[in-house]
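Asker: Below you will find the structure I want to go over with you.
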Amino acid sequence: MAVEVVTFGCRLNAFESELIRREAEGAGLADAIVVNSCAVTNEAVAQARQQIRKLKRARPEARIIVTGCAAQTEPATFAAMAEVDRVIGNDDKTRSDAWHAAKSALEASPSFGLDTEQKIAVADIMAVREMAPHLLDGYQSGLPRVFVQVQNGCDHRCTFCIIPYGRGNSRSVPVGAVVEQVRLLAERGHAEIVLTGVDLTSYGADLPGAPKLGTLVKKVLRHVPELQRLRISSIDQVEADRDLIDALATEPRLMPHLHLSLQAGDDLILKRMKRRHARADAIAFCAEVRRRRPDIALGADLIAGFPTETEEMFQRSLDLVEECGLTFLHVFPYSPRPGTPAARMPQLDGRVIRDRAARLRAAGEAALQRRLAAEIGATRAVLIESPTQGRTEHFLPVAISGATPGEVQTLRIIGHDGARLTA
C-alpha cells in the first residue's frame, strides 16, 4: 500500500504533508502511516496519540512514523508508544535522506521490541538556519486551493507558545523559488494559492536585501499572471508592511481576507504574553485595512483564560470582536504548555477558561451571522471547492449544487442557512 499521511494542525502542515508523502514514497516506504503532528495545545498532542492508537487497530501490519511539531517537542512521548515505529524531527520530515534512513531502520528492526531511544531520529531544531525550497508538481488531492510554504520558524518568544521549539528560528524561501512554485501549481490548474508560514510577516528578514511579505506578494502577482487568486494565511499585524497593505488595496487577485494574531484585547495581558502590540494598535490596523479595502473580512486568533486574566481583562478581548469588526474567530482555551513561561504563572480555574472560551465563540458566531446576512444581494466570485461547496473571495462558504470543482464562478448571493451562503 502507498504511504498514508495523517495531518494535524496548521496549513503549513498541510503543505508539508504533501512533501512527506512524496519523499517517503520516493524512498521506497510502503504500508506505512505517517502522522504529521501539532503541538499548539495539550489537546492537539492528545488527539495525535489517540489517532495513532486508532490507526494501529485499523491497520495492525502498517508501520507508524510520527513527525511534526509534537514529535519535535515531545519525541519520547511518542517513542514510548508501542504503536510507534519511528519518530522523525520537524526539519528532517521533508528531506529525502531522512526517509531513506527511516526505511533502512525499519527494515533492519523487528516490528516490536525497540526501546524508546532507538526509535528517535530528532535533531536540534534551533541549529537550523536555512530553509531549502521544495517544489511540488501538484497536490495528490487535486484541490482547487493549495498552500505554498514561504517561511518557517519564529524568532519571537510569546510566553504561551511552544511552537518555536517545534519549528526553530525564522527562515524564509527566496522570492524566486516561491514565484516558481506558484507558477508551477497555477499551471497544474490550482485556482487559488495560499502563502503560508509560522510567522508569515517576518518573511524575508534572513534573505539578502531583506524583502518583506508585501514585496513577495507583489512579485508573485506580477510574475504569475495566470494565477487566478492569491490568499495569505495568518499574519502578525504589527509586522505588516506598507507594500502588503498597498497590495490589499490595489490588487484584485489578492483576496480581501486576513486572519490576525491578536490573542487578547487587554494591554496588561498582552504584555504578559510578550506580544509586541497594544490593544490600540490592533484596532488601528483593522481600521486602516478596512479604509483601504472596505469589504475586507477579518478573522483573529484569541486566547481565553490566559493566566491572571480578570473578568474585566477578558471583556476587553470580547469587545475586540466588534471594535475590530471581526468575522471569523479561532478561539483557544488557554492550555499550559510545559516549558513555557506562562505555564509558571498563576492559572485560572478550568471552568472559568471554558466559560470564557464559550462566550468568545458565541460572539464570533453572532459576528459571522451578521456577515452572512450582509452578503445577501451581493455578487461574488466563488471558487468551487467540491460539488457541494465553494468559497467567496472573503472565505465565506457557499452551498453549491452541480458545479465543477476548480472553477471560479460569478454568483449572486440570495440567502444563507446559518452556516453557508446560498447563491
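For the working numbering, count along the sequence shown from 1 and bump the result up by 618. Every residue, glycine too, gets a C-beta built ideally from N, C-alpha and C.
Tell me the DSSP secondary structure of R998 in three-state form.
Answerer: In the structure shown, R998 sits in a strand (DSSP, three-state: E or B).
Asker: Tell me whether E692 is buried or exposed, calling it buried when 16 or more other Cβ atoms sit within 10 Å of its Cβ.
Answerer: By the neighbour-count rule (16 or more Cβ atoms within 10 Å), E692 is buried.
Asker: Check whether the region 814-828 touches the region 853-861, taking contact to mean three or more Cβ pairs, one atom from each stretch, closer than 8 Å.
Answerer: In short, these stretches touch, since the Cβ pair count reaches three.
Asker: Identify, in the order they occur along the chain, each residue of the same chain with its Cβ nearer than 7 Å to the Cβ of R977, setting aside the five sequence neighbours on each side.
Answerer: Answer for R977: L936, listed in chain order.
Asker: Measure the C-alpha to C-alpha separation of I682 and F903 and round it to an integer number of angstroms.
Answerer: When rounded, the distance between both Cα atoms is 45 Å.
Asker: Less than 9 Å between the C-beta atoms of P792 and L845, yes or no?
Answerer: Contact flag unset, no.
Asker: Closest to I901 by CA distance: which of M891, T1040, L878, Q799 is it?
Answerer: Comparing Cα-Cα distances from I901 to each of M891, T1040, L878, Q799, the minimum goes to L878.
Asker: So, is N660 buried or exposed, given that buried needs 16 or more other C-beta atoms within 10 angstroms?
Answerer: N660 should be labelled exposed.
Asker: DSSP three-state label for A700, please.
Answerer: Coil.
Asker: Applying the criterion that 16 or more other CB atoms from any shown protein chain within 10 Å of the CB defines a buried residue, is M749 buried or exposed?
Answerer: With 16 or more Cβ atoms within 10 Å of its Cβ, M749 is classed as buried.
Asker: Specify the secondary structure class of Q846 as computed by DSSP and reduced to three states.
Answerer: Three-state result, Q846: coil.
Asker: Three-state secondary structure (DSSP) at L637?
Answerer: DSSP places L637 in helix when its eight states are reduced to three.
Asker: Across which residues does DSSP place I921 in a beta bridge pair?
Answerer: Beta-bridge pairing links I921 to F950.
Asker: Would M744 be called buried (16 or more neighbouring beta carbons within 10 Å of its own) or exposed?
Answerer: Classification for M744: exposed.
Asker: Using 8 Å for Cβ pairs, my map puts L990 next to L1014. What's the rounded Cβ distance?
Answerer: Confirmed, Cβ separation roughly 7 Å.
Asker: How far does the alpha helix (DSSP H) with V907 in it reach, from first residue to last?
Answerer: Segment 897-910, the alpha helix (DSSP H) holding V907.
Asker: On the three-state DSSP scale, how would you describe L761?
Answerer: Of the three classes helix, strand and coil, the one that applies to L761 here is coil, per DSSP.
Asker: Would you decide whether I1032 is buried or exposed? Buried here means 16 or more other CB atoms lie within 10 Å of its CB.
Answerer: Exposed, since its Cβ has fewer than 16 Cβ neighbours within 10 Å.
Asker: The beta strand (DSSP E) that contains E810, what's its start and end?
Answerer: That run of the beta strand (DSSP E) goes 810-814.
Asker: Using CA coordinates, which residue listed in S714, D710, F696 is at the minimum distance from L647?
Answerer: Selected option, being the one with the closest Cα: S714.
Asker: If you draw a straight line from the alpha carbon of T1006 to that of T958, how long is it in whole angstroms?
Answerer: For T1006 and T958, the distance between alpha carbons rounds to 43 Å.
Asker: Go ahead and label K830 buried or exposed: buried means 16 or more other beta carbons lie within 10 angstroms of its beta carbon, across all protein chains shown.
Answerer: Buried.
Asker: Is it buried or exposed, P951, if we count other Cβ atoms within 10 angstroms and call 16 or more buried?
Answerer: Label assigned to P951: buried.
Asker: So for E941, helix, strand or coil by DSSP?
Answerer: It is helical.
Asker: Per DSSP, what kind of secondary structure is T1028 in: helix, strand or coil?
Answerer: The answer is strand: DSSP assigns T1028 an E or B state.
Asker: So G923 packs on R890, CB below 8 Å; how close in whole Å?
Answerer: Their Cβ separation, rounded to whole angstroms, is 13 Å, which puts G923 and R890 out of contact at 8 Å.
Asker: Quick check on H774: does DSSP put it in helix, strand or coil?
Answerer: The answer is coil: DSSP assigns H774 none of H, G, I, E or B.
Asker: Which residue from T833, E636, A698 puts its Cα closest to that of Q736?
Answerer: Checked all of T833, E636, A698; the closest Cα to Q736 is A698.
Asker: With V593 and V1000 assumed to form a contact (beta carbons below 8 Å), what rounded beta-carbon distance in angstroms separates them?
Answerer: Because residue 593 is not part of the residues shown, which for the chain are 619 to 1041, the question remains open.
Asker: Note the first and the last residue of the continuous alpha helix (DSSP H) segment covering L831.
Answerer: Run containing L831: 831-841, per the alpha helix (DSSP H) assignment.
Asker: What is the DSSP secondary structure of E927, counted as helix, strand or coil?
Answerer: Note: E927 maps to coil in three-state DSSP.
Asker: Which residue from S788, L761, F765, H1012 puts its Cα closest to that of H774?
Answerer: Residue S788 is the option with its Cα nearest to H774.
Asker: Would you give the residue range spanned by the beta strand (DSSP E) that V621 belongs to?
Answerer: No beta strand (DSSP E) holds V621; DSSP gives it neither H nor E.
Asker: Can you have a look at R640 and say buried or exposed, based on whether 16 or more other CB atoms are within 10 angstroms of its CB?
Answerer: Counting Cβ neighbours within 10 Å, R640 comes out buried, since at least 16 surround it.
Asker: Based on Cα-Cα distance, which residue from L944, V812, V740 lies nearest to A985?
Answerer: Measuring from the Cα of A985, the nearest candidate turns out to be L944.
Asker: Is it buried or exposed, P956, if we count other Cβ atoms within 10 angstroms and call 16 or more buried?
Answerer: Exposed, because fewer than 16 other Cβ atoms sit within 10 Å of the Cβ of P956.
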